[in-house]
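The structure under discussion appears below in the form of structure tokens.
There are 2 protein chains.
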Amino acid sequence: MDRTATAAPANDGPLAETIFRSLLKQIYDGRLAAGALLNEAALAEEYQVSRGPVREAIRRLQGFQLVTREPYLRARVVQLTPEFVRQLYEVRMALEGMACNLAAQRMSDAELRKIGDELEEYRTRAASSKSGARVKEKVFDFHERIVRGCGNERIVDMLCGDMYHMLRIYRKRSGAAPERKGQPSQEHWQILRALQARDGMLAESLMRAHIGKASELLLNTHAGGDTLASH
Amino acid sequence: MDRTATAAPANDGPLAETIFRSLLKQIYDGRLAAGALLNEAALAEEYQVSRGPVREAIRRLQGFQLVTREPYLRARVVQLTPEFVRQLYEVRMALEGMACNLAAQRMSDAELRKIGDELEEYRTRAASSKSGARVKEKVFDFHERIVRGCGNERIVDMLCGDMYHMLRIYRKRSGAAPERKGQPSQEHWQILRALQARDGMLAESLMRAHIGKASELLLNTHAGGDTLASH
DNA sequence: CTGGGCCAAAGTGTTGACACATTGCGGGCT
DNA sequence: AGCCCGCAATGTGTCAACACTTTGGCCCAG
Numbered sequence: 001m002d003r004t005a006t007a008a009p010a011n012d013g014p015l016a017e018t019i020f021r022s023l024l025k026q027i028y029d030g031r032l033a034a035g036a037l038l039n040e041a042a043l044a045e046e047y048q049v050s051r052g053p054v055r056e057a058i059r060r061l062q063g064f065q066l067v068t069r070e071p072y073l074r075a076r077v078v079q080l081t082p083e084f085v086r087q088l089y090e091v092r093m094a095l096e097g098m099a100c101n102l103a104a105q106r107m108s109d110a111e112l113r114k115i116g117d118e119l120e121e122y123r124t125r126a127a128s129s130k131s132g133a134r135v136k137e138k139v140f141d142f143h144e145r146i147v148r149g150c151g152n153e154r155i156v157d158m159l160c161g162d163m164y165h166m167l168r169i170y171r172k173r174s175g176a177a178p179e180r181k182g183q184p185s186q187e188h189w190q191i192l193r194a195l196q197a198r199d200g201m202l203a204e205s206l207m208r209a210h211i212g213k214a215s216e217l218l219l220n221t222h223a224g225g226d227t228l229a230s231h
Numbered sequence: 232m233d234r235t236a237t238a239a240p241a242n243d244g245p246l247a248e249t250i251f252r253s254l255l256k257q258i259y260d261g262r263l264a265a266g267a268l269l270n271e272a273a274l275a276e277e278y279q280v281s282r283g284p285v286r287e288a289i290r291r292l293q294g295f296q297l298v299t300r301e302p303y304l305r306a307r308v309v310q311l312t313p314e315f316v317r318q319l320y321e322v323r324m325a326l327e328g329m330a331c332n333l334a335a336q337r338m339s340d341a342e343l344r345k346i347g348d349e350l351e352e353y354r355t356r357a358a359s360s361k362s363g364a365r366v367k368e369k370v371f372d373f374h375e376r377i378v379r380g381c382g383n384e385r386i387v388d389m390l391c392g393d394m395y396h397m398l399r400i401y402r403k404r405s406g407a408a409p410e411r412k413g414q415p416s417q418e419h420w421q422i423l424r425a426l427q428a429r430d431g432m433l434a435e436s437l438m439r440a441h442i443g444k445a446s447e448l449l450l451n452t453h454a455g456g457d458t459l460a461s462h
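Chains as they are written, first to last, in this note's numbering: chain A, 1 to 231; chain B, 232 to 462.
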């Protein structure tokens, strides 16, 4: 039953998959800076594989719009300009707002109650402990729970796929925007109440406003306006 | 200067690109039915190329979510079930609604006036001639004009890329839903007026309702509920 | 000194062969 | 007779070499 006894770093299935994940992670943590060039041959040598899997991984990144490329030119990691991030947030507001609206119609009372319990648990835990890192983690969980409850696989894929990935990259690069303390949590409660009241439009509006605030905060804090890559 | 003297069908650049477009077109017009299996070797022989480009084309289709595939299994053309299409329309309502909202803030008066002129021109032309085909073309133009005016490249790509593609496929397969005569045009006028009044929320609501009606009509007309492919 | 074109260097596109995973079928065991 | 195991058959994953395109630099003409 033991599938793979090797302790190699994440050798699950196709090499292209492994390389794809590796490149993705490298883009996340900045080892692959924005604007960096991806050389197929060099990467192939680095990973000790042929160019085929590398090529496929790069094409997948292109599909996720994380790298730009045209026919015979080299691929380069996309530049996450503030303008680009603003557009990303607009898409997120649209999709996650709709997800919220749908969730108000489709999530069960039990599911909603469970989310409420977890929010409560988080609040008490945050009051006693002072770990700021946990907060962010919990925030993401709240959003993801609602998105996954919307009953629309397409929306789930888009938001939990590339979208969150890219936003996370930007957030990390921009040096963890200053938290707005308990306010997000308060807004989460409002959203949850709207969901429990089955008021889809209200829930959508609240979610949009919630995301909009996060967006403004993120974009304004380092409104210097440079591309985050030109250093 | 004559790049390629061959009269072959659309040999522009990379083979993978050519094959990708060919497969896309074949999925459109139904030569590749939903649920059909894509065999890399067979396609390679058919196109007289190696498996590399074929493989790449299939992966791109996978990126567009037009084929489903997992690591070692064969790729198959996606099944456009009514449920799937419903979800697609929900995404479209979210994104195109947001696009409409943004367009209300960002499109110039001149652009909006031009769209109004074209709508007017279409109305008079439709009143005299009875070509129903022109109508649909014009409808799409209206939607696309607004989307492209929203100032958000991400939204434009998503909607005018795979989204419209898939919906067009479904519409074609389902046998051109019965037109609801002049009503769409009337709703277009309402949307345009909201845009000119710079009322983003209203424009968004109208656009959502407009798309929602089209969705219901499409899904109800052949509510038989089968997958469109199981014949 | 400047501009244009040739040429090598770098990198992507494509190929055919080989290795591995999955599947369906047939034979042997219970 | 029914079930499980193993084995070919099918098809995907990977590789290393070759062909084509682009790019940057060098040389030469003006």
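Glycine included, C-beta positions come from ideal geometry on N, C-alpha and C. Since the structure is predicted, the reported quantities are computational estimates derived from the model, not experimental observations.
Other residues of its chain near residue i: CB distance less than 6 Å, five sequence neighbours each side excluded
i, result
"A/Ala75", "Leu38, Ile58, Val67 and Arg69"
"B/His519", "Residue numbering for chain B in the displayed model covers 232 to 462; residue 519 of chain B lies beyond these limits and cannot be assessed."
Residue environment, residue i, which counts as buried when at least 16 other CB atoms sit within 10 Å
i, result
"B/Ala425", "buried"
"B/Pro313", "buried"
"B/Thr355", "exposed"
"A/Leu159", "buried"
"A/Thr6", "Reliability fails at A/Thr6, whose pLDDT of 34 lies under 50, so the model's placement of it is uncertain and the value that follows must be treated cautiously. A/Thr6 is exposed by the Cβ-count criterion."
"B/Asn451", "exposed"
"B/Gly392", "exposed"
"A/Arg168", "exposed"
"B/Gln318", "buried"
"B/Leu449", "buried"
"A/Leu94", "The identity of residue 94 of chain A in the sequence shown is Ala, whereas the question assumes Leu. By the 10 Å Cβ count, A/Ala94 comes out buried."
"B/Tyr320", "buried"
"A/Glu56", "buried"
"B/Pro302", "exposed"
8 Å CB neighbourhood of residue i in its chain, flanking five on each side removed
i, result
"A/Ala41", "Arg51"
"A/Ala36", "Arg76 and Val77"
"B/His396", "Leu255, Tyr259, Phe295 and Leu297"
"A/Glu216", "none"
"B/Met394", "Leu319, Val322, Arg323 and Leu326"
Contacts around residue i, its chain only, beta-carbon distance under 7 Å, and the 5 residues preceding and following it disregarded
i, result
"A/Arg60", "Phe20"
"B/Gly382", "Leu333 and Arg337"
"B/Gly347", "Leu423"
"B/Ile377", "Ala330, Cys331 and Ala334"
"B/Ala375", "Going by the sequence as given, residue 375 of chain B is Glu instead of Ala. Here the set comprises Cys391."
"A/Gly200", "Asn101, Ala104 and Gln105"
"A/Gln196", "Leu112"
"B/Gln421", "Leu437"
For residue j and residue i, believed in contact at Cβ under 8 Å, the rounded distance
i, j, result
"B/Met329", "B/Glu435", "7 Å"
"B/Gly294", "A/Gly63", "3 Å"
"B/Glu327", "B/Met438", "6 Å"
"A/Leu80", "A/Ala34", "6 Å"
"A/Val91", "B/Arg411", "Not confirmed; about 30 Å, so no contact."
"B/Gly380", "B/Glu342", "6 Å"
"A/Tyr170", "A/Val54", "That belief does not hold up - the Cβ atoms of A/Tyr170 and A/Val54 are roughly 26 Å apart, past 8 Å."
"B/Leu246", "B/Val280", "5 Å"
Cβ-heavy atom distance, residue i to the ligand ZN, below 8 Å
i, result
"B/Val378", "Here there are no bound small molecules, and the ligand ZN is not part of this structure."
At a CB distance below 9 Å, what residues from the region 49-75 of chain A approach chain B? Give them in sequence order. Within the region 49-75 of chain A, the residues whose Cβ lies closer than 9 Å to any Cβ of chain B are, in chain order, Gly52, Arg55, Glu56, Arg59, Arg60, Gln62, Gly63, Phe64, Gln65, Pro71 and Tyr72.
Mind checking the region 369-398 of chain B against chain A and listing, in chain order, the residues whose C-beta falls within less than 7 Å of any C-beta there? Shown in chain order are the members of the region 369-398 of chain B whose Cβ falls below 7 Å from a Cβ of chain A: Asn383, Glu384, Arg385 and Ile386.
Report the start-end ranges of each alpha helix (DSSP H) in the region 239-274 of chain B that is 4 residues or longer and not cut off at the edges. Restricted to the region 239-274 of chain B, the alpha helix (DSSP H) segments that are unbroken, complete and at least 4 residues in length are 246-259, listed in chain order.
Any residues in the region 312-326 of chain B with a beta carbon nearer than 9 Å to a beta carbon of chain A? Which ones, in chain order? Listed in chain order, the positions of the region 312-326 of chain B with a beta carbon within less than 9 Å of a beta carbon of chain A are Phe315, Arg317, Gln318, Leu319, Glu321, Val322, Met324, Ala325 and Leu326.
What residues from the region 237-269 of chain B come within 8 Å of chain A, judged by C-beta to C-beta, listed N to C? Residues of the region 237-269 of chain B with a Cβ closer than 8 Å to any Cβ of chain A, in chain order: Gly244, Pro245 and Glu248.
Using a beta-carbon distance cut-off of less than 7 Å, what residues from the region 429-443 of chain B approach chain A? Taking 7 Å as the Cβ-Cβ cut-off against chain A, none of the residues of the region 429-443 of chain B qualify.
Using a beta-carbon distance cut-off of less than 8 Å, what residues from the region 103-122 of chain A approach chain B? Per Cβ criterion, the list is empty.
Would you mind listing the beta strand (DSSP E) stretches within the region 59-109 of chain A that are 3+ residues and don't spill past its ends, in chain order? Runs found: 75-77.
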